[in-house]
Amino acid sequence: MQTIQSYIQKHKQRFLDELVDLLKIPSISADSAYKNDVIKTADVIKESLEKAGCDTVEICETPGYPIVYGEKIIDSNLPTVLVYGHYDVQPPDPLDLWTSPPFEPVIKATDIHPEGAIFARGSCDDKGQMYMHVKALEYMTKTHQLPCNVKFMIEGEEEVGSKSLGWFVERNQDKLANDVILISDTGMIANDIPSITTGLRGLSYVEVEVTGPNRDLHSGLYGGAVANPINVLTKMIASLHDENNHITIPGFYDTVETLSAEERAEMAKAPFSLENYKKALDIDAVYGEEGYSTNERNSIRPTLDVNGIWGGYTGEGAKTVIASKAYAKISMRLVPNQDWETITQLFKTHFESIAPKGVKVKVAPHHGGQGYVTPTNSLGYKAASKAYEQTFGKTPIPQRSGGSIPIVALFEKELKSKTILMGFGLNSDAIHSPNEHFGVWNYLKGIETIPWFYKYFTELSQ
Ligand code: BES
Ligand code: MN
Ligand code: MN
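Sequential numbering of the sequence shown, starting at 190, is according to the numbering used here.
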């Protein structure tokens, strides 16, 4: 029987070429100018699933971008794995910071990926990681080693809030029935320190607008006599954290789960070098909420960050002006038990209440979602753990991540199954940033590890 290792050895170049072709299509869901490319990507995924051995594959139309659904059902008495991933990508800008164009993939070696990494938007998040599952399926079907049923659901709106996926899941519960959901859209600690993501943060994303006078004013004639919306907005934003970097919105922490000392001690065992962390980001100190470590601050604690702020004159030279309006986009990362809609409302009430006289404030919610934690004693977790032991020769470390995949909480609610997050990216892979890349080793290691998950999950389910 052909092993996955020898299969990869034989087909490695094709696996890379196929991914490179997929990465060439700019499937940017946030920008409607790329609509045709997003739709074309769905078609390419459909074909790839057919070739990999799915019995039926459909392009499911939704109010937004299509969802590619494929399945191979071998025996209704066997367990069913539902694979989720996304084929849309983040906008690539700022373009001038890329060392090679974002949709012309190239393989280059880096310090962390001496065997090469594929540089392209979406290489790690999530086309590369999603495609590992397609290739793992190909191996299992072509060598007659698929041990259970499999369903694929690949969406095109993850980077813009998965609206249509929520719509689709609510309407297709039977079709999507499964025993475990498997996702590769997160990371691991390092190539020699495998980890399984056991938590995701929730998200509330809002946009605020502060309006002062009804028109832009001469900053000499009016300066000092009317509220300047930019001055006001920055002061309001600054007041959202206190001197200990706690968030000041009343009620914000009410439902935050507190981890026991044991749980925190367990977390602190994960290998982490503050020196390397600072060095990688070229910062001389870390920053954050008093009383928590860096790893706690970016995983088990909620945060509030301005993602963008604008207003007034930003062109060349100087223009003496008091702008009529100022704006900001703000994200709050939430932890399990914090309801994103409640938090959005708390933010809105508070932000409006701190506006001084002389300005009007508008708060517009964008999207959001709930956080998620998955237990380490489920069949799925155990199967994943054994799979990593098999291919990395080490037991993976459970790790809560700071990122968000809001749809995961919805899967649990609607489909009543646990999600296992087998991510093979690294934090240094620069997802959402210029020069996003995905290690060739990581890509192939993912393809190697996934079939073992199927095998162990099926065995443990019997
Ligand atoms: N794949 C990421 C989320 C992620 C990355 C989680 C690494 C854990 C580790 C996903 O594509 C993403 O970017 N999610 C967004 C939220 C979404 C609603 C736009 C995020 O976390 O900002
Ligand atoms: Mn992603
Ligand atoms: Mn993303």
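Backbone N, C-alpha and C define an ideal beta-carbon position, used for all residues, glycine too.
Please determine, among the options, the residue with the shortest C-alpha to C-alpha distance to residue i.
i    : options                   : result
A414 : Y632, P402 and V339       : P402
G345 : F204, N225 and V445       : N225
G560 : T230, R390 and S590       : R390
Y254 : E207, N434, K468 and S216 : S216
R522 : R490, S542 and K508       : R490
H556 : K229, F308 and A219       : A219
L568 : T245, I370, R360 and L365 : I370
H626 : Y223, P252, K229 and W287 : W287
G591 : E541, L493, L205 and A576 : L493
V397 : K537, V209, S373 and H430 : K537
D300 : S353, G628 and L649       : G628
K213 : F292, K261 and S237       : F292
L211 : E260, Q191, A309 and T192 : A309
V562 : T437, I385 and H430       : I385
Q318 : W356, F204 and T400       : F204
H333 : G355, D405, C243 and L406 : C243
Y645 : L599, S617 and Y577       : Y577
D206 : K324, K235, L284 and E260 : K324
H621 : R404, V552, W356 and D374 : D374
M425 : M456, F461 and S542       : S542
Got a sec, what are the start and stop residues for the alpha helix (DSSP H) residue i sits in?
i    : result
W641 : V629 to S650
A454 : A450 to A457
V349 : It is not in any alpha helix (DSSP H) - V349 carries neither H nor E in the DSSP assignment.
D210 : I193 to L212
P554 : Segment K549 to G558 is the beta strand (DSSP E) holding P554; no alpha helix (DSSP H) there.
K240 : K224 to K240
N465 : L463 to L470
N484 : T483 to R486
K316 : K316 to K331
E541 : W529 to S542
Spatial neighbours of residue i within its chain, please: CB distance less than 6 Å, with the 5 preceding and 5 following residues excluded, ordered by chain position.
i    : result
S221 : none
P554 : V395 and T533
G440 : L535
H275 : D315, E344 and E347
S353 : T251, P252, G253 and E346
Relative to ligand 3, is the shortest distance from any of its heavy atoms to the C-beta of residue i smaller than 8 Å?
i    : result
Q194 : no
I314 : Sequence inspection shows Asp at residue 314; the Ile mentioned does not correspond to that position. Yes, the Cβ of D314 comes within 8 Å of a heavy atom of ligand 3.
Q318 : no
Q579 : no
Q559 : no
Q527 : no
Q279 : yes
State yes or no: is the C-beta of residue i nearer than 8 Å to some heavy atom of ligand 1?
i    : result
T563 : no
Q202 : no
T375 : yes
L354 : no
L371 : no
Any heavy atom of ligand 2 inside 8 Å of the beta-carbon of residue i?
i    : result
I620 : yes
I301 : no
H707 : The question about residue 707 has no answer, for the chain in this structure spans 190 to 651.
I256 : no
H333 : no
H322 : no
H275 : yes
I594 : yes
What I want to know is whether the C-beta of residue i ends up closer than 8 Å to one or more non-hydrogen atoms of ligand 5.
i    : result
E346 : With respect to ligand 5, the structure offers nothing, as its ligand set consists of ligand 1, ligand 2 and ligand 3.
What does a CB cutoff of less than 8 Å around residue i pick up in its chain, not counting 5 residues either side in sequence?
i    : result
N434 : Y476, G477, E478 and E479
Excluding sequence positions up to five away, which residues of its chain have a Cβ less than 7 Å from the Cβ of residue i?
i    : result
G412 : I511
P280 : I217, A219 and D220
E505 : none
I193 : Y328, E637 and P640
L599 : G355 and V358
S650 : P268, D368 and L568
S289 : V295 and F308
Locate the beta strand (DSSP E) running through residue i, then write down its first and last residues.
i    : result
Q588 : I586 to R589
H275 : T269 to H275
Y577 : No beta strand (DSSP E) contains Y577, which is instead part of the alpha helix (DSSP H) from L568 to F581.
K143 : Nothing in the structure corresponds to residue 143, since the chain is present only between 190 and 651.
L392 : G391 to T400
L523 : K514 to L523
T492 : T492 to G500
Checklist entry - Just checking, does the region 432 to 449 make contact with the region 527 to 536 on the three C-beta pairs under 8 Å criterion? => result Short answer: they touch.
Next on the checklist: Below 8 Å, how does it come out for the region 577 to 588 and the region 335 to 349: are there three or more Cβ pairs, yes or no?
Outcome noted: Segments in contact, no.
Checklist entry - Given 8 Å as the limit, is there contact between the region 635 to 643 and the region 610 to 627, that is, 3 or more CB pairs closer than that? => result With the cut-off at 8 Å, the region 635 to 643 and the region 610 to 627 touch.
Next on the checklist: Below 8 Å, how does it come out for the region 286 to 298 and the region 599 to 611: are there three or more Cβ pairs, yes or no?
Outcome noted: With a cut-off of 8 Å on Cβ pairs, the region 286 to 298 is not in contact with the region 599 to 611, counting fewer than three such pairs.
Next on the checklist: Quick test of the definition: if touching needs 3 or more C-beta pairs under 8 Å, does the region 410 to 427 touch the region 584 to 595?
Outcome noted: Verdict: no, contact absent.
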